[in-house]
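One structure below.
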Amino acid sequence: MKQTIKYMFFPILLLLSYSCKKDLGSYNYHSIDSVFIQGIEKTYVMKIGGNPGIVPQLSHSSGSSLSSSDYDFEWLAYRQGLNQEPLRISTKEHLNEVISLPIGDYTVYFKAKEKSTNLLWEQKFTIRVGSGFNGGWMILSDDNGKSKIDLFEWNHTLANYSKHHTNFQDSIKDVSKNTMSLLGKPKFITTWSNQTPATGNGVKYFVYVGTDKNTEKTNVTDGFIWSDQYSFKYETVNPTEFETIDAIRPTASRDGYVVKGNDVFVKYAVFQVNVGTPINRLADGTYFKVSPFIAPTAGPSCLMYDITNKRFVRNMSSAVAVSQTPLTYDQNNAAFNPNKVDMDMVWMNQTVAFGGQAYAVLTKSGKYFLARMTNTASAFSANFLTDITSLPGIAQAQHFEVDPRYGYLQYAVGGKIYQYDPSESSVKLMKDYGNKEITVFKYLRSTSVSYSSVINPNNANTYGKRFLPDVVGLVVASLDPVAPQTSGKVEVFDTPQFNADYKTFLSFNGFGRVADVTEAEFPLGW
Numbered sequence: 002m003k004q005t006i007k008y009m010f011f012p013i014l015l016l017l018s019y020s021c022k023k024d025l026g027s028y029n030y031h032s033i034d035s036v037f038i039q040g041i042e043k044t045y046v047m048k049i050g051g052n053p054g055i056v057p058q059l060s061h062s063s064g065s066s067l068s069s070s071d072y073d074f075e076w077l078a079y080r081q082g083l084n085q086e087p088l089r090i091s092t093k094e095h096l097n098e099v100i101s102l103p104i105g106d107y108t109v110y111f112k113a114k115e116k117s118t119n120l121l122w123e124q125k126f127t128i129r130v131g132s133g134f135n136g137g138w139m140i141l142s143d144d145n146g147k148s149k150i151d152l153f154e155w156n157h158t159l160a161n162y163s164k165h166h167t168n169f170q171d172s173i174k175d176v177s178k179n180t181m182s183l184l185g186k187p188k189f190i191t192t193w194s195n196q197t198p199a200t201g202n203g204v205k206y207f208v209y210v211g212t213d214k215n216t217e218k219t220n221v222t223d224g225f226i227w228s229d230q231y232s233f234k235y236e237t238v239n240p241t242e243f244e245t246i247d248a249i250r251p252t253a254s255r256d257g258y259v260v261k262g263n264d265v266f267v268k269y270a271v272f273q274v275n276v277g278t279p280i281n282r283l284a285d286g287t288y289f290k291v292s293p294f295i296a297p298t299a300g301p302s303c304l305m306y307d308i309t310n311k312r313f314v315r316n317m318s319s320a321v322a323v324s325q326t327p328l329t330y331d332q333n334n335a336a337f338n339p340n341k342v343d344m345d346m347v348w349m350n351q352t353v354a355f356g357g358q359a360y361a362v363l364t365k366s367g368k369y370f371l372a373r374m375t376n377t378a379s380a381f382s383a384n385f386l387t388d389i390t391s392l393p394g395i396a397q398a399q400h401f402e403v404d405p406r407y408g409y410l411q412y413a414v415g416g417k418i419y420q421y422d423p424s425e426s427s428v429k430l431m432k433d434y435g436n437k438e439i440t441v442f443k444y445l446r447s448t449s450v451s452y453s454s455v456i457n458p459n460n461a462n463t464y465g466k467r468f469l470p471d472v473v474g475l476v477v478a479s480l481d482p483v484a485p486q487t488s489g490k491v492e493v494f495d496t497p498q499f500n501a502d503y504k505t506f507l508s509f510n511g512f513g514r515v516a517d518v519t520e521a522e523f524p525l526g527w
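Residue 2 is where the sequence shown starts when you use our numbering, and the numbers rise one by one after that.
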């Protein structure tokens, strides 16, 4: 190797000495008249489908005149955080037109190339594309047989819900400006932090909307956007069987239960279980129908009622694809045998009161009973069974609820709302709407804001002001049959302890028949 290097060294010296000789050639040299680009800000914030209105000013460094016709222009947008090809959004000199960029942050390059020399000048800046909407209360109603969404958007400046967007479903669009396909009559609306194939990696905050024709969702995290691939059926194992469903009951981020008819399904991310096969079956394959009223908890776990065998069954994370029976039963301490109830289910739901209980209203032979059961991810017990036949109008009640703080049973008979305190065996008429019909009667159970955060005195003007109604408010929608297209009204009530009079948190009106109500908490602004 040393010998080879020695022989190669002399030619290299010759080449170096030749290259250092004076260039005696004759050339014409021209200075480059640089182009200055002005009039472009560092950052632009715009609404999806908007016009950024960018008008750059080009000039020569020498001060000589510049003709735009001598240049080719290009605007390229790179989605920040993603390794993707750039989007070519325009080839005009000015970006003063509507552009179709999905919601997100983009690094954008404006390029000006001189045609005669191919010399290129460019300017870099940022475009932030958002939905233009904050979260707020979303009201799903029937508008002459069609589904309509009203959004009462949280106004950060005034700290209230004064921004009203009617027919908000028309503002939920895909990148091609197609509006969300919301067909048929309304059934339900709810929020759920979930991860789905259509929206890629990471958990997103969604609003799900169900009708008697389809079930859609909007991606709130990325700005109330929609795609035809967002349809709920594509989250399931058998899409053709899930065009419509009756309810979604979230229990945690990426976990929850789905009700369709007399079947219940589970999504459990840890075990990669998706909606597909009913969980109202035993490990040996025995199938049975269940009531559509369920009592889910975090974990997940879910108490259901087998209407075939008239017994309670549970779905647990330890055996997430099936139901378990018999349930724990200590005949010396239990109020009843949950494995042999022999009654018909009227209504059931879960409350966080008393550490987590399921309330169920049952009936047999013209009598009505309230069952209260400890129901958590780790425990079950049949604690109380109370005869409530004597409660006013109980046999005609159309709606039931259970207070999340004090465990009151609340129910609606026609236009009257009653509240029953099972601890004191007392009942009180709380509201009387006269001839009006109550169409929604519920607490929000998909809220992600904690009770401790909204009652913290330090958060009185932040979390508390905006989200206390979400966490503790009883949502009541009413309708005057005389004016069914415009008399729909939604009220959110504070329900104080000791059967004290209800206080109004919020009130919205001017709808048709309200089918359901939710609050899109994201983004968590106040």
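Don't be surprised by glycine CBs; every beta carbon is placed ideally from N, CA and C.
Nothing here was measured: the structure is a model prediction, and the numbers come from that model.
Please confirm whether residue i and residue j have their CB atoms less than 9 Å apart.
i    : j    : result
E402 : N460 : no
I128 : N97  : no
G367 : G224 : no
A336 : N384 : yes
T329 : S379 : no
D495 : G465 : no
F528 : I33  : With the chain covering only 2 through 527, there is no way to say anything about residue 528.
I249 : G257 : yes
V518 : L141 : yes
T387 : F370 : yes
N179 : W227 : yes
P301 : A361 : no
R373 : P339 : no
T541 : Y231 : Nothing about residue 541 can be reported from this structure: the residues present for the chain run from 2 to 527 only.
D151 : K186 : no
D247 : G211 : yes
E123 : I49  : no
D345 : T326 : no
F523 : Y206 : yes
V476 : V493 : yes
L67  : V46  : no
R80  : G105 : yes
I280 : F294 : no
Throw me the rounded Cβ distance for the residue i and residue j pair, which I believe falls under 8 Å.
i    : j    : result
L183 : Q170 : 5 Å
I100 : P53  : 7 Å
A521 : V260 : Not confirmed; about 22 Å, so no contact.
L304 : A359 : 5 Å
V204 : S194 : 5 Å
I439 : G408 : Incorrect: roughly 21 Å between the Cβ atoms, too far for contact.
How would you call residue i, buried or exposed, if buried means at least 16 neighbouring beta carbons within 10 angstroms?
i    : result
S508 : exposed
G64  : exposed
R514 : buried
R1   : This structure cannot speak to residue 1, because the chain is shown only from 2 to 527.
F189 : buried
D502 : exposed
E425 : exposed
T191 : buried
K43  : exposed
T216 : buried
K490 : buried
L445 : buried
L59  : buried
N145 : exposed
E86  : exposed
N510 : exposed
Y269 : buried
L83  : exposed
L25  : Bear in mind that a pLDDT of 47 at L25, under 50, signals an unreliable position, so the model cannot answer this.
L121 : exposed
S117 : exposed
Using 8 Å as the cut-off, classify the Cβ of residue i as near or not near the heavy atoms of the ligand MG, replying yes or no.
i    : result
S292 : As far as ligands go, the structure on display features none, and thus does not contain the ligand MG.
(message) Using a Cβ distance threshold of 8 Å, determine whether the region 311–324 contacts the region 279–288, with at least three qualifying pairs required.
(response) yes
(request) Count the CB pairs spanning the region 444–454 and the region 478–486 that are closer than 8 Å, and state whether there are at least three. (result) no
(request) Evaluate the contact criterion for the region 153–160 versus the region 60–74: three or more CB pairs, one atom per stretch, below 8 Å. (result) no
(request) State whether the region 419–426 contacts the region 385–405, with contact taken as three or more CB pairs (one from each stretch) at a distance under 8 Å. (result) yes
(request) Would you list, in sequence order, the uninterrupted beta strand (DSSP E) runs of no fewer than 3 residues that lie entirely inside the region 291–374? (result) 296–298, 302–307, 312–317, 320–325, 345–352, 358–365
(request) Could you tell me which uninterrupted beta strand (DSSP E) segments, each at least 3 residues in length, are contained entirely in the region 94–137, listed from first to last along the chain? (result) 105–115, 121–131
(message) My parser needs the alpha helix (DSSP H) runs of 4 or more residues fully inside the region 167–201; what are they?
(response) none
(message) Could you tell me which whole alpha helix (DSSP H) segments of length 4 or greater appear in the region 398–474?
(response) 452–456, 464–473
(request) Note down, one range per segment and in chain order, each beta strand (DSSP E) of at least 3 residues found wholly within the region 264–288. (result) 264–268
(request) Ignoring anything shorter than 3 residues or poking outside the region 221–266, list the beta strand (DSSP E) runs there in chain order. (result) 248–253, 256–261
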